[in-house]
Ligand code: ADE
Ligand code: ZN
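Numbering (the numbering used here), first residue to last: 2 to 339.
#1: Thinking C-alpha only, which one of 311, 328, 319 is nearest residue 138?
#2: Grab the span of the alpha helix (DSSP H) containing residue 201 for me, first residue to last.
#3: Just checking residue 92 against the ligand ZN - is the residue's beta carbon closer than 7 Å to any of the ligand's heavy atoms?
#4: Label residue 304 either buried or exposed according to how many other C-beta atoms from any shown protein chain fall within 10 Å of its C-beta, with 16 as the threshold for buried.
#5: Rounded to whole angstroms, what's the CA-CA distance from residue 262 to residue 300? Just pull it up for me.
#6: According to DSSP, is residue 99 helix, strand or coil?
#7: Run through DSSP, which three-state label would residue 292 get?
#8: For residue 273 versus residue 311, is the C-beta distance shorter than 8 Å?
#9: Buried or exposed: residue 252, going by 16 or more other Cβ atoms within 10 Å of its Cβ?
#10: What residue range does the alpha helix (DSSP H) around residue 165 cover?
#11: If we ignore side chains and look at the alpha-carbon of each, how far apart do residue 212 and residue 175 end up?
#12: Who pairs with residue 82 in a beta bridge, going by DSSP?
#13: Can you list the alpha helix (DSSP H) stretches of 4 or more residues lying completely in the segment 114-185, in chain order?
#14: Roughly how many whole angstroms lie between the Cα atoms of residue 288 and residue 281?
#15: Taking its Cβ as the centre, do 16 or more other Cβ atoms sit within 10 Å of residue 111, making it buried, or is it exposed?
#16: Can you tell me where the alpha helix (DSSP H) holding residue 237 begins and where it ends?
#17: Just list the residues that DSSP pairs residue 280 with in beta bridges.
#18: Just to check, is the beta-carbon of residue 171 closer than 7 Å to a non-hydrogen atom of the ligand ADE?
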């Protein structure tokens, strides 16, 4: 079997992908026109070129990301984006996906929580059924907002509590440490949400942010979490407590190879529950799961066994029932034997 067909057929799970990062250029341009939003791009070639920004810093990526998501206006837009992404999951043999969504940026533009979420949830049910993909929602606080806004977000989500599995923390990390949201995480835990938070790569005070997530917020997972490796105490703690790290190999067109390959391999070798995810697959040259994993295999020292281990970790860390987990793990093990 070729590496390409091995990766294509591999049963996959994804735990770290942002809904708004799944706006494919064609839909982005359609919605910009339909909703009369100026994004300064009018062809797909211009969209791909705009993703090749010179500075890889998180803030540059996020500036691009927030410029694009303004095209989302009507409930139908939220439906279409969700439905289209779940179809792409099916095409990538993704059996289970936990999609992060960020309501704050849309609330700010006058789109109600119900207007966003009811359409997304309808699409989750419809596409889940049509494409046979298991989908859960993780609601993210955008960390440049205030704690009061985060608490208000939890109230807005309360009528839909049963449809949202977890709470996350995303967006501009500089000067927005995790403990700014301690009260929101405490409340979310009381309400039964599973907890995760971004500790992005190459941020100021990175290890301190990870420590806060573990010791104060009480998260079960860290999104990225690269800098766990910088501090032996954190590495030990992540291992001892079974904290999952949802790493991403995302790269821009100009990057010579997938990023973070060596630390991901190191985490695997240490026995950390590390998984491999796309983050914002329509906004990076790394794209969706099959393409990303194929490139990783082609352009790093990682092996097909490593790919199986990364997917096993994702199914292990997924917020699904034990019955569902054992079905997926058996399917993965059977595939790996072939
Ligand atoms: N929001 C969307 N994508 C993100 C990322 N990669 N990091 C932090 N926040 C995000
Ligand atoms: Zn992310």
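For each residue, glycine too, the CB sits at the ideal point set by N, CA and C.
Here's the rundown:
#1: Translated into the one-based positions of the chain shown, residue 138 becomes position 137. Checking every option, the nearest Cα to that of residue 138 belongs to 319.
#2: Reading the chain shown from its first residue, position 200 is the one you call residue 201. No residue range can be given for residue 201, since it is assigned to no alpha helix (DSSP H) and is classified by DSSP as neither H nor E.
#3: Position 91 of the chain shown holds residue 92. No, since every heavy atom of the ligand ZN falls outside the 7 Å radius drawn around the Cβ of residue 92.
#4: As a first step, residue 304 is located in the chain shown; it is residue number 303 there, counting from the start. When all chains shown are included, residue 304 counts as exposed.
#5: Walking along the chain shown from the start, residue 262 turns up at place 261. Walking along the chain shown from the start, residue 300 turns up at place 299. So the two alpha carbons sit approximately 9 Å from each other.
#6: For the purposes of this step, residue 99 is taken as residue 98 along the chain shown, with counting starting at 1. Strand.
#7: Position 291 of the chain shown holds residue 292. In this structure, residue 292 counts as helix in the three-state DSSP scheme.
#8: Here residue 273 refers to the residue found at position 272 when the chain shown is read from its first residue. Here residue 311 refers to the residue found at position 310 when the chain shown is read from its first residue. 8 Å or more divides the Cβ of residue 273 from the Cβ of residue 311.
#9: Residue 252 sits at position 251 when you count from the first residue of the chain shown. When all chains shown are included, residue 252 counts as buried.
#10: Working through the chain shown from its first residue, we reach residue 165 at position 164. From DSSP, residue 165 is part of no alpha helix (DSSP H); its letter is neither H nor E.
#11: Here residue 212 refers to the residue found at position 211 of the chain shown. Here residue 175 refers to the residue found at position 174 of the chain shown. One C-alpha to the other measures close to 16 Å.
#12: Here residue 82 corresponds to residue number 81 of the chain shown, with the count starting at 1. Note: residue 82 sits in no beta bridge, so no partner.
#13: Complete alpha helix (DSSP H) runs here, min 4: 114-132, 148-158.
#14: Mapped onto the chain shown, residue 288 falls at position 287. Mapped onto the chain shown, residue 281 falls at position 280. Across the structure, residue 288 and residue 281 are spaced so that their CA atoms are roughly 8 Å apart.
#15: As a position in the chain shown, residue 111 is number 110, starting the count at 1. So residue 111 ends up on the exposed side.
#16: Numbered from its first residue, the chain shown carries residue 237 at position 236. For residue 237, the enclosing alpha helix (DSSP H) stretches over residues 233-242.
#17: As a first step, residue 280 must be located in the chain shown, where it is residue number 279. Listed as beta-bridge partners of residue 280 by DSSP are 18.
#18: Here residue 171 refers to the residue found at position 170 when the chain shown is read from its first residue. Yes.
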